[in-house]
Amino acid sequence: MSLDQQSRLQAADWAIIGVYFALCMAVGLYTKFKRQRGLETSEGYFLAGRSMMWWAVGPSLFASNIGSEHFIGLAGSGAASGIGVACYEWQACLCILLLGWVFVPIYLKSRVFTMPEYLNKRFQSRSIRTYLTAIALLSYVFTKISVVLFAGSVFLYEAVGLNIYLSATVMLAITAIYTLLGGLMAVIFTDVLQCTVMMIGAIVLCILGFDKVGGHSGLWEKFPKAVGKPWRPPNTSLPLNLTNATIESCFKVTPYWGNMFRPLDDPDYPWLGSWTTVFFVIGVWYWCTDQVIVQRALGAKNNVHARAGAVFAGFLKATPMFLMVMPGMISRVLFPDSIACADSVSCERHCGNKWGCTNNAYPKLVLNVLPTGLVGLMMAVMMSALMSSLSSVFNSSATIFVVDIWLRIRPKAGERERVIVGRVTVVVVVALSIVWLPIIQGNRLFEYLQTIQAYFSPPLAMVFTLCILWPGLSEVGALSGLIIGLVMGVVKFIVGNLFDPPECGKVDERPEFVKLHFLYYGLIIYVASGAVMVIVSLFTKPVPREELGGLTWPTINDPPISHDALGEEGLTRDVDREPEKGEENVPMDSLLGTV
Numbered sequence: 001m002s003l004d005q006q007s008r009l010q011a012a013d014w015a016i017i018g019v020y021f022a023l024c025m026a027v028g029l030y031t032k033f034k035r036q037r038g039l040e041t042s043e044g045y046f047l048a049g050r051s052m053m054w055w056a057v058g059p060s061l062f063a064s065n066i067g068s069e070h071f072i073g074l075a076g077s078g079a080a081s082g083i084g085v086a087c088y089e090w091q092a093c094l095c096i097l098l099l100g101w102v103f104v105p106i107y108l109k110s111r112v113f114t115m116p117e118y119l120n121k122r123f124q125s126r127s128i129r130t131y132l133t134a135i136a137l138l139s140y141v142f143t144k145i146s147v148v149l150f151a152g153s154v155f156l157y158e159a160v161g162l163n164i165y166l167s168a169t170v171m172l173a174i175t176a177i178y179t180l181l182g183g184l185m186a187v188i189f190t191d192v193l194q195c196t197v198m199m200i201g202a203i204v205l206c207i208l209g210f211d212k213v214g215g216h217s218g219l220w221e222k223f224p225k226a227v228g229k230p231w232r233p234p235n236t237s238l239p240l241n242l243t244n245a246t247i248e249s250c251f252k253v254t255p256y257w258g259n260m261f262r263p264l265d266d267p268d269y270p271w272l273g274s275w276t277t278v279f280f281v282i283g284v285w286y287w288c289t290d291q292v293i294v295q296r297a298l299g300a301k302n303n304v305h306a307r308a309g310a311v312f313a314g315f316l317k318a319t320p321m322f323l324m325v326m327p328g329m330i331s332r333v334l335f336p337d338s339i340a341c342a343d344s345v346s347c348e349r350h351c352g353n354k355w356g357c358t359n360n361a362y363p364k365l366v367l368n369v370l371p372t373g374l375v376g377l378m379m380a381v382m383m384s385a386l387m388s389s390l391s392s393v394f395n396s397s398a399t400i401f402v403v404d405i406w407l408r409i410r411p412k413a414g415e416r417e418r419v420i421v422g423r424v425t426v427v428v429v430v431a432l433s434i435v436w437l438p439i440i441q442g443n444r445l446f447e448y449l450q451t452i453q454a455y456f457s458p459p460l461a462m463v464f465t466l467c468i469l470w471p472g473l474s475e476v477g478a479l480s481g482l483i484i485g486l487v488m489g490v491v492k493f494i495v496g497n498l499f500d501p502p503e504c505g506k507v508d509e510r511p512e513f514v515k516l517h518f519l520y521y522g523l524i525i526y527v528a529s530g531a532v533m534v535i536v537s538l539f540t541k542p543v544p545r546e547e548l549g550g551l552t553w554p555t556i557n558d559p560p561i562s563h564d565a566l567g568e569e570g571l572t573r574d575v576d577r578e579p580e581k582g583e584e585n586v587p588m589d590s591l592l593g594t595v
């Protein structure tokens, strides 16, 4: 790292970062000592006492989703191929509304703490609950946390040259402390703070970046021409298989960089996969069934606040197109030789990664565009995103472990024991994440994140969709579809990793099965697992309808069967009650009218 980059953080920058960390810790301490009584129960610790207002639920949903990997990944994808990646973000706006209007009413009516607990109530069986619990905990440690840490470490290394282990360990420790202290309530309150910081910092950088390239018209004119020049040591030439024409064909910007609907054979975002798999599979799985996201909605005071929070979050999800994707494109225009490096040798020289340097687009823009003080603000933004994602995963991991594992081992565990076990779980997750750090030093895990989601989320999205819409889905049918979908995803993932993509100038000789786009294969898994679930359910005995009160939409108004997995009275509340005094002022009409 050059000296000019190492000296980018001045005293004002460090002061802003210090103030930010102090505020985060203050929120955790406030929640711990000022609201101590509410944290003594499992509902208070894991679901914030089901007392969160819409204005806290919305930013928490957004901040829990937008981690440092979004700033690095969305900007990097924007730098590589234009605005196509924004299809993930804009479809998420609709998926969040599905959460508020279709899924959350069932979850609240069933009075569950976790998604595995809902499946246990829905099928009155532990098999599927055990399956989902194992998948959730493993994915949190080995994908969510590791990917977030990788992205955050890229930024910190670019900014201050901090060792990956030191920077990641410090952020893990601070996040774990305020999560341990205050539970979900502390997480949601800090999410509101972090969301505010993220939006302010990203807006400032976006404005300054557009000013550098001459506004929107300047970006649209210069982006397709931004291709770096190949670098070679003195007195050397290009490899025989590379010519200037070959390099231009390999590294030039796709002609569809300004389109979100691209041809069926587009290597990045084919329209059929981008507007079906992304919505029905990845979107529904992530926004409507993932514990990290759903837990924020479960902490709402009632359905009204949960829905209003979903609408608020939907508006916020429309902004990454302008605050993350386009800044990545701006970075390519301003720094073409590094961000748009022309070949593997040039890329390795600029960022140490022969596959490309687009992941460095956002940090490069921050360090070279922002003045002193604002660089510190953007450091706080990145740490806000990282710590928000980590705190969400920590709290959700603790909730799942206590409710779906510990209470099956010790069903008579008291409230104090449950909270203590939840805090110990956070410590264990932090330790496992630190052990996993050597794996995330390479780009490979980060690059495959979307692929992993497309391979492993389809059966989960399908089973939850059928669970709440069709009372006829049987346990055998659901489990059969989950297993078929898992096997299909594992096979494609393993076989795909046996073949590296060809470098520039080389013919792609991989099997057609390997070259099949992951979005198309995810759609195939989704349809296949759903077909298995339906067919098997038609020939097996479903749960009797009278035992599904409040667990599906056709039976939402039927009297519920009392089989609370926690076995305690007073842990849940009537979420369908009339709004209390003051709650009727929630601006639902204005929010929905704007939609």
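Going by the UniProt record's numbering, the residue at position 57 of the sequence shown is 57; the numbering climbs one at a time, nothing skipped. Where is the CB? At the ideal position from N, CA and C, for every residue including glycine.
Rounded to whole angstroms, what is the Cα-Cα separation between residue i and residue j?
| i | j | result |
| --- | --- | --- |
| Ser-346 | Leu-99 | 45 Å |
| Pro-363 | Gly-481 | 43 Å |
| residue 652 | Glu-69 | Since the first and last residues shown for the chain are 1 and 595, residue 652 lies out of range. |
| Phe-21 | Met-387 | 10 Å |
| Pro-544 | Leu-219 | 60 Å |
| residue 618 | Lys-222 | This structure cannot speak to residue 618, because the chain is shown only from 1 to 595. |
| Ala-202 | Trp-55 | 20 Å |
| Phe-279 | Pro-263 | 18 Å |
| Asn-235 | Leu-334 | Reliability of the predicted coordinates at Asn-235 is poor, the pLDDT of 49 falling under 50, and no value is obtained from them. |
| Gly-328 | Arg-408 | 48 Å |
| Gly-485 | Leu-108 | 28 Å |
| Ser-125 | Ala-306 | 28 Å |
| Gly-76 | Leu-137 | 28 Å |
| Ile-535 | Gly-477 | 7 Å |
| Tyr-526 | Leu-498 | 24 Å |
| Phe-464 | Asn-303 | 19 Å |
| Val-213 | Pro-511 | 42 Å |
| Gly-299 | Ser-217 | 44 Å |
How should residue i be labelled, buried or exposed, when 16 other C-beta atoms within 10 angstroms of its C-beta is the threshold for buried?
| i | result |
| --- | --- |
| Asp-508 | exposed |
| Pro-411 | exposed |
| Val-375 | buried |
| Tyr-165 | exposed |
| Ala-318 | exposed |
| Trp-285 | buried |
| Met-462 | buried |
| Gln-10 | exposed |
| Phe-155 | buried |
| Ala-431 | exposed |
| Asp-211 | exposed |
| Asn-557 | exposed |
| Pro-105 | buried |
| Lys-121 | buried |
| Val-85 | buried |
| Ala-340 | buried |
Specify the secondary structure class of residue i as computed by DSSP and reduced to three states.
| i | result |
| --- | --- |
| Arg-262 | strand |
| Pro-554 | coil |
| Trp-14 | helix |
| Ala-226 | coil |
| Met-52 | strand |
| Ala-413 | coil |
| Pro-320 | helix |
| Ala-340 | coil |
| Tyr-20 | helix |
| Leu-9 | coil |
| Pro-471 | coil |
| Pro-270 | strand |
Going along the chain, which residues of its own chain have a beta-carbon closer than 6 Å to the beta-carbon of residue i, five neighbours each way excluded?
| i | result |
| --- | --- |
| Gly-58 | Gly-309, Phe-312, Ala-313 |
| Arg-421 | A small correction: the amino acid at residue 421 is Val; Arg does not occupy that position in the sequence shown. Contacts found: Val-402, Trp-406. |
| Phe-493 | Tyr-455 |
| Pro-559 | Gly-549 |
| Gln-91 | Val-278, Phe-279, Gly-283 |
Just to confirm my understanding: we take residue i, look at its own chain, exclude 5 residues before and 5 after, and list those with CB closer than 8 Å. What are they?
| i | result |
| --- | --- |
| Ser-457 | Val-281, Ile-282, Trp-285, Tyr-286, Gly-522 |
| Cys-87 | Met-260, Tyr-269, Ser-274, Trp-275, Val-278 |
| Cys-93 | Gly-314, Phe-315, Lys-317, Ala-318 |
| Tyr-520 | Pro-270, Leu-272, Gly-273, Thr-277 |
Only counting the same chain, and skipping five residues up and downstream in sequence, which positions put a Cβ closer than 7 Å to that of residue i?
| i | result |
| --- | --- |
| Ile-405 | Thr-133 |
| Pro-224 | Val-253, Trp-257 |
| Pro-336 | Ala-226, Val-227, Gly-228 |
| Ile-145 | Leu-390, Val-393, Ser-433 |
Exercise for review: Ignoring anything shorter than 4 residues or poking outside the segment 110-143, list the alpha helix (DSSP H) runs there in chain order.
Suggested key: 115-123, 127-139
**Study point:** Whole runs of the alpha helix (DSSP H) within the segment 477-559, excluding any shorter than 4 residues
**Key:** Whole alpha helix (DSSP H) segments, 4+ residues: 512-515, 518-538.
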